[in-house]
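This report refers to the structure that appears directly beneath it.
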Amino acid sequence: APLLATVITHKESHLQWLKLCDNSPGLGDVVAVSVSDAMVYRSRHLEGTTTQLHSLYLWNNCIGDVGAAALARVLTLAGTRLEVLNLNRNNIGDTGCRALAAALQPRRTYTGTTVSTCLAKLYLSRNAAIGDGGCKAISGSLDYCPTLKFLEMNYCSMTLTAVDELVDGWVSSGKERKNVDCRLGRE
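Going from the sequence shown to our numbering is simple: count from 1 and add 22.
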């Protein structure tokens with residue numbers, strides 16, 4: 023984790039994608055918090071530089087709600103270029119999902135400007151602890167995140183009613199039906 027933080031915070035870093043996947047028993051929240059802290063540090067202390075990181079793949083790492091909330095913080099940073107966030111096969115629950123949903127909404131900075139995420143693809147499949155609460159939180163954020171064009175939330179613990187509401191929210195926000203994937207059940 024310290025080496026990863028050094029790479030991200032280095033002023034000359036041109037890291038565009040990061041893929042740390044299938045780490046059994048998993049890197050857990052530590053890696054998610056390290057990535058988040060490094061990106062927050064870079065945005066606050068290295069003036070005139072933004073991270074080039076546009077794709078972050080952290081599937082199958084035992085990341086939970088703490089890690090998801092830390093990564094949600096990254097989405098709220100001005101200048102963040104993160105377009106793809108893959109958190110499939112982790113231990114994220116409704117709390118972490120709510121944090122990610124809140125980060126999809128535009129916010130005002132201390133200077134008064136409005137900042138929106140540029141996230142285009144969000145993968146949350148096979149997080150068995152995501153239930154109706156997390157699903158409804160994502161659904162409630164869809165109108166506020168026009169850049170989000172693909173959402174995958176397969177094999178979580180959502181009910182059919184919550185999935186139907188999510189798909190309806192997706193379509194009513196002007197997004198293409200074929201780009202939301204929310205299959206129920208278990209693999």
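The beta carbon of each residue, even a glycine, is placed where N, CA and C say it ideally should be. The model shown is predicted, which means the values in this text are computed figures rather than measured ones.
Any beta carbon of chain D sitting closer than 7 angstroms to that of Tyr63?
The structure shown contains no chain D, having only a single protein chain.
Checking 7 angstroms against the spacing of the C-beta atoms, do Ile85 and Ala54 come in under that value?
Result yes, Cβ atoms of Ile85 and Ala54 sit closer than 7 angstroms.
Starting from Ser194, trace the alpha helix (DSSP H) in both directions and tell me its first and last residue.
182-194
Where does Val193 land, buried or exposed, given buried means 16+ other C-beta within 10 angstroms?
exposed
Please list, in chain order, all residues of the same chain as Ala184 whose beta carbon is under 7 angstroms from its beta carbon, the five residues on each side excluded.
Asp154, Cys157, Lys158
By how many angstroms is the C-alpha of Leu49 removed from the C-alpha of Pro168?
32 angstroms
In terms of residues, what are the limits of the alpha helix (DSSP H) holding Lys171?
Premise fails: Lys171 is in no alpha helix (DSSP H) and is neither H nor E.
Taking the alpha helix (DSSP H) that Leu122 belongs to, which residues open and close that run?
Note, Leu122: alpha helix (DSSP H), 116-125.
Can you find the residues in the same chain that come closer than 6 angstroms, C-beta to C-beta, to Ser161, ignoring five residues on each side of it along the sequence?
Glu187, Leu188, Gly191
Between Met180, Leu93, Asn201, which has its C-alpha nearest Thr139's C-alpha?
Leu93
Out of Cys43, Thr133, Leu80, which one is the CA nearest neighbour of Leu144?
Leu80
By the DSSP assignment, the beta strand (DSSP E) with Ser179 in it spans what residues?
That residue, Ser179, is in no beta strand (DSSP E); it is neither H nor E in DSSP.
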